[in-house]
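Numbering (this note's numbering), first residue to last: 3 to 730.
Written out below as structure tokens is the structure these notes cover.
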Amino acid sequence: MPTMRFAAVKEAEKRQAIEKEFPYQRVSEIYGEHTFGNKAMKDYMTPEAYSSVISAVNKGTKIDRNIADQVASGMKAWAINLGATHYTHWFQPLTGSTAEKHDSFFEPTGNGEAMEKFSGGMLVQQEPDASSFPNGGIRNTFEARGYTAWDPTSPAFMMGRTLCIPTVFVSYTGEALDNKTPLLRALQAVDNAATQVCQYFDRNVRKVHATLGWEQEYFLVDTALYHARPDLRLTGRTLLGHAPAKGQQLDDHYFGSIPERARHFMRELEYESYRLGIPVKTRHNEVAPSQFELAPVFEEANISVDHNSLMMDLMDKVARRHHFKVLLHEKPYAGVNGSGKHNNWSLATDTGINLLSPGKTPKSNLQFLTFFINTIKAVNENADLMRASIASAGNDHRLGANEAPPAIISVFIGSQLTATLDALEKLEKGKLSPEQKTELKLNVVGKIPEILLDNTDRNRTSPFAFTGNKFEFRAVGSQANCAQPMTILNTIMTKQLIEFKTTVDALIEGGMKKDDAIFNVLRDYIKSSQAIRFEGDGYSQAWADEAEKRGLSNVKTSPLALDFYVTEKAVSLFEEIGVMNRIEVEARHEIMLEEYMLKIQIESRVLGDIAGNHIVPTAINYQNKLIQNVKGLKEVLSADVFQKLAKDQLQMIEEISTHISTIISEREAMVEERKKCNSIESARERAIAYCDNVIPYFGKIRYAADKLEMLIDDELWPLPKYRELIFI
Ligand code: ADP
Ligand code: MG
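As structure tokens, this is what we get:
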């Protein structure tokens, strides 16, 4: 009897043959045609409405009701032209994914006729019935009055026949219920702080925006195989499965040629991305078989965050057409590399300068060093918050294990800049002599090469590395919404820049020259942020030991890492910078703990089901065959031959029994443990209990199940195996 598994494998094989090449399209012709961007706004809006939106984007000015009506009417005309029937406010609730509630443009006019209607009011604000989104107690469900509000800085776009309008999602009392609101506040704050610091160097700078370029890693798996794995379907990762004979050990996948079937998917995904104005630039294979990466050109952080959320949706939609499932989980398969999402981050001025790019002159390099050293200092002071910003059940598999960056936050800057900082650190305190200044300008600041890009040593083990003209936050998980790490990074940078400005201004007021003051403060910062700098192998035990001596945290699990969000230090930082108030921070903390706990709970249930309902019966079935066989042998063989030959089979029967019994008893114990956890009142304690007391069963049950996979007739095994899943 063909099992579900064989049917699935056959399906997948059949599919290899029917893929068709996606038609060629010139990117310049289709780019952005599905976004209500600059060109569409000009074409469809009055000049008055257009300049109002532009000013809202650039200066944060308000858009009044009358103008909003004009914008709405232009947007509607544009969308209907593209075949839109519905519109939705598109937002990013704290579940991490995106949410939509579609409404039709259609409105009956009373005489059996209808019209398409979309007013400024509908554009600007909506009240989705959002009582079921996580809110951590901010909004009592009986007064479910969260509302969404238009974010004019991120362009509306078309998804299928729906006009999607990026919005924030807040409670009626104004607290953020989403990922975007705190991000927008942090971006505003870093703009103000950085613009002020820029005034030391260039009075023309009026605005600084954070930039983000993400690199999205993911796995592809055939849909039929995916559906035959309840663990993949319900948890996004495999909870059991023996390692295949060949995995990633030959390193033959990385930068190898992209499998044809995957390439077809990528072509179509890129096509859809271009139409949505997502500037996808690179694609390549990753380390593990069937693992890939996709990266766009960097953009302003808010837009880039939206584009990443949109991309994760889009990947799923396009993959369906190719009978693929995209796995965004940080660790879909044990024993092969996990997936991350590097967040490349920098700050750029409205005068076109990347503040983390070394310049041509000593003056521009002093500006570079200012932002560079302030970033290091910010991370040194707030490494724990950075750790909290990337905490999730999935990411624990990367950060806690010996792969990807470790759970210890550190900064890597490469040997050239290390030498520069060492030289600056040796400066004497106080005013600089003319000789010192010349020396400094010529030999220290003057010698930073304009393009460090190729010189920066590559250190893949660092969670936060300087890579020539940007910092790369590598510890972010592949499923994460980039808003969280970006909110934290820009918040701590704001705090740091404000402190820098205050200190430098005080020195200037005390009679010191501006450059001297800046050098003095930077020198102090270099000294006081030594602990966070690390150039060596981040995976090594030696680093874990060293980090402990330096007093750096090494928190490997999410429930504890999330504590860093709610320390007094963190809460007052968020309040001071105006990113979140105490209620918002505490609500978020609670939601994340709850989400963590639920994920582990689901994994535990699914593992129990599969082990108990699929693996154990299959094992018993096969064991019976062996028993029958041994009985048969006994009948047909002479006693002494039987003694000799049946020995191994008897042992196999015994081994199978042992594993079956392990699964049954560990599964029962796990269920008991879950019951204990569920009775714990506090969300934090419950999450910790799940982490410490339930997760350990996963390994024990898996070990027994994976052993059985090796012992049992391949024909009987109910689940697609790793070797079938990971090669496409
Ligand atoms: P890697 O070697 O880490 O794969 P890539 O060159 O593929 O590096 O990725 C570089 C990423 O960094 C791209 O997504 C790119 O858009 C982004 N990036 C480059 N410059 C900046 C910048 N100034 N700000 C933010 N992101 C940037
Ligand atoms: Mg990278």
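Virtual Cβ for every residue (Gly too), placed ideally from N, Cα, C.
Secondary structure of residue i, DSSP reduced to three states
i, result
"Glu511", "helix"
"His591", "helix"
"Glu129", "coil"
"Asp180", "strand"
"Cys166", "strand"
"Thr225", "helix"
"Thr111", "coil"
"Thr496", "helix"
"Thr143", "Per-residue confidence for Thr143 stands at a pLDDT of 42, beneath the threshold of 50, marking its modelled position as unreliable; the derived number appears in the next sentence. In the structure shown, Thr143 sits in a helix (DSSP, three-state: H, G or I)."
"Arg535", "strand"
"Pro298", "strand"
"Asp45", "helix"
"His36", "coil"
"Tyr541", "coil"
"Glu596", "helix"
"Met582", "coil"
"Leu609", "helix"
"Trp719", "coil"
"Ser292", "coil"
"Tyr220", "strand"
"Phe203", "coil"
"His331", "coil"
"Phe729", "coil"
"Tyr692", "helix"
"Tyr174", "coil"
"Ala212", "strand"
"Val413", "strand"
"Tyr699", "helix"
"Tyr26", "coil"
"Ala477", "coil"
Rounded distance between the beta-carbons of residue j and residue i, thought under 8 Å
i, j, result
"Leu524", "Ile378", "That belief does not hold up - the Cβ atoms of Leu524 and Ile378 are roughly 10 Å apart, past 8 Å."
"Leu509", "Asn522", "6 Å"
"Phe120", "Phe107", "6 Å"
"Asp526", "Gly243", "About 53 Å separates the two Cβ atoms, so there is no contact after all."
"Phe502", "Asn461", "That belief does not hold up - the Cβ atoms of Phe502 and Asn461 are roughly 27 Å apart, past 8 Å."
Neighbour-count burial assignment, residue i, 16 or more Cβ in a 10 Å radius
i, result
"Gly279", "buried"
"Gln72", "buried"
"Arg389", "buried"
"Ile65", "buried"
"Arg584", "exposed"
"Asp180", "buried"
"Pro154", "buried"
"Gln625", "buried"
"Leu609", "buried"
"Lys642", "With the sequence shown as reference, residue 642 is identified as Asp, and Lys is not the correct amino acid for it. Answer is exposed; the Cβ neighbour count stays below 16."
"Asn457", "With a pLDDT of only 49 at Asn457, under the threshold of 50, the placement of this residue in the model should not be trusted; the figure read from the coordinates follows. It counts as exposed."
"Phe144", "Legend: pLDDT at Phe144 = 40, less than 50; position of this residue unreliable, value from coordinates given subsequently. It counts as exposed."
"Asp386", "buried"
"Glu570", "exposed"
"Leu721", "buried"
"Glu295", "buried"
Span of the alpha helix (DSSP H) around residue i
i, result
"Pro619", "618-638"
"Val523", "516-530"
"Ala385", "364-391"
"Phe566", "Unbroken run through Phe566: none, as it is neither H nor E."
"Ala79", "67-83"
Host beta strand (DSSP E) of residue i (start-end)
i, result
"Asn680", "Asn680 -> not in any beta strand (DSSP E); alpha helix (DSSP H) instead, spanning 641-680."
"Trp92", "88-93"
"Lys103", "101-106"
"His286", "282-287"
"Glu118", "116-118"
"Asn346", "343-351"
"Ala151", "149-152"
Would you check if the region 551-559 and the region 420-434 touch, i.e. whether three or more CB-CB distances between them fall below 8 Å? The way I'd put it, the region 420-434 doesn't touch the region 551-559; fewer than three beta-carbon pairs between them come closer than 8 Å.
Determine contact between the region 196-215 and the region 106-125, defined as no fewer than three beta-carbon pairs at a distance below 8 Å. No: the two stretches stay apart, fewer than three of their Cβ pairs being nearer than 8 Å.
Between the region 578-595 and the region 409-419, do at least 3 Cβ pairs fall closer than 8 Å? Result no; under three Cβ-Cβ pairs closer than 8 Å.
I want to know whether the region 327-342 touches the region 392-402 - three or more CB-CB distances under 8 Å. A contact exists between the region 327-342 and the region 392-402.
Please determine if the region 52-69 and the region 292-299 are in contact, where contact requires at least 3 C-beta pairs separated by less than 8 Å. The region 52-69, when compared against the region 292-299, does not touch it at the 8 Å Cβ threshold.
So, do the region 305-313 and the region 227-239 have three or more beta carbon pairs nearer to each other than 8 Å? The region 305-313 vs the region 227-239: no contact.
Can we say the region 270-288 touches the region 24-43, given the rule of at least three CB pairs closer than 8 Å? Counting Cβ pairs under 8 Å, three or more are found: they touch.
Check whether the region 156-166 touches the region 72-88, counting contact only when three or more Cβ pairs, one atom from each stretch, lie closer than 8 Å. Put simply, the region 156-166 touches the region 72-88. At least three CB pairs are less than 8 Å apart.
The region 347-360 in contact with the region 468-483 per 3-pair CB rule at 8 Å: When Cβ pairs closer than 8 Å are counted between the two stretches, the region 347-360 is seen to touch the region 468-483, the count reaching three or more.
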